[in-house]
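Residue numbers (full-length UniProt numbering): 1 to 208.
For glycine and all other residues, C-beta sits at the position ideal for the given N, C-alpha and C.
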């Protein structure tokens, strides 16, 4: 069980696996402090999204772990780029886009990580082939990877990040609707929007 404060906890399989997850999560936080809140927020949202979409318990665990560790490859990105204020140059962005591949290379060395390494590699892939690092299309991307991708994008858009100002509620939902059925599965986007609207009504998220 990984405790995340405010009474929120998520079950993950095996003490050894949990120890590895915690260690990598801490390493990412130290490499990029901006990522710390995002990876925990993505974990929470990914777990809720997976349950909303009625994934199996095994897939919920995989999506939850993927939500926490999706940016683990940033360990291999120069800190000067990760900490750079403002927009990245095209060359810098190309370096950052290597983080899914780097994350895969890190996790595939761990025998019991199983499909988690693939989820990490695929979390920036999109249904229309516009994603990276492999430009995969629908049918070649794991469902769990797409769930993590939607959770990652949803939390990033609703949060104040180093590379953009906080967006308003209308902008967020319009952006998600544009991706519906194009970059992300329609059912996943619908579920994510429902969760975000519920969070806004409950005052858990400020999208203004």
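query                                                                                                                                                                                                    : result
Quick check on the DSSP output: the alpha helix (DSSP H) that includes residue 98 runs from which residue to which?                                                                                      : From DSSP, residue 98 is part of no alpha helix (DSSP H); its letter is neither H nor E.
Taking DSSP as the reference, what is the three-state secondary structure of residue 184?                                                                                                                : strand
State the Cα-Cα distance for the pair residue 142 and residue 101, rounded to the nearest angstrom.                                                                                                      : 16 angstroms
For residue 188, count neighbouring C-beta atoms within 10 Å of its own C-beta (all shown protein chains included) and say buried if the count is 16 or more, exposed if not.                            : buried
Let me check understanding here. Comparing Cα to Cα, which of 197, 200, 21 and 152 lies closest to residue 110?                                                                                          : 21
Is it a yes or a no for the segment 176-190 touching the segment 63-79, going by three-plus beta-carbon pairs under 8 angstroms?                                                                         : no
I'd like to check one pair, residue 125 with residue 146: are the Cβ atoms closer than 9 angstroms?                                                                                                      : yes
Helix, strand or coil for residue 134, going by three-state DSSP, please let me know.                                                                                                                    : coil
Write down the C-beta distance between residue 116 and residue 65 rounded to the nearest angstrom, noting that I regard them as a contact closer than 8 angstroms.                                       : 6 angstroms
Among 144, 132 and 128, which residue has its Cα nearest to the Cα of residue 138?                                                                                                                       : 128
Residue 195: which of 73, 140 and 150 sits nearest, CA to CA?                                                                                                                                            : 150
How about residue 55 and residue 144: do their beta carbons lie closer than 9 angstroms?                                                                                                                 : yes
Which same chain residues end up closer than 8 angstroms to residue 60 when comparing Cβ atoms and leaving out the 5 residues on each side of it in sequence?                                            : 47, 50 and 51
Identify, in the order they occur along the chain, each residue of the same chain with its Cβ nearer than 6 angstroms to the Cβ of residue 136, setting aside the five sequence neighbours on each side. : 125
In chain order, what are the residue ranges of uninterrupted alpha helix (DSSP H) at least 4 long that sit wholly in the segment 16-94?                                                                  : 33-52, 57-69 and 79-82
Nearest by alpha-carbon distance to residue 43: which of 62, 179, 30 and 198 is it?                                                                                                                      : 62
Give me the residue from 177, 91 and 39 with the minimum Cα distance to residue 69.                                                                                                                      : 39
What whole-angstrom Cβ distance do residue 133 and residue 74 have, given they're in contact under 8 angstroms?                                                                                          : Residue 133 to residue 74, Cβ: 14 angstroms. No contact.
Hey, is residue 115 close to the ligand HEM, as in C-beta under 8 angstroms from one of its heavy atoms?                                                                                                 : This structure lacks the ligand HEM; in fact it carries no ligand of any kind.
Measuring CB to CB, does residue 45 end up less than 9 angstroms from residue 67?                                                                                                                        : yes
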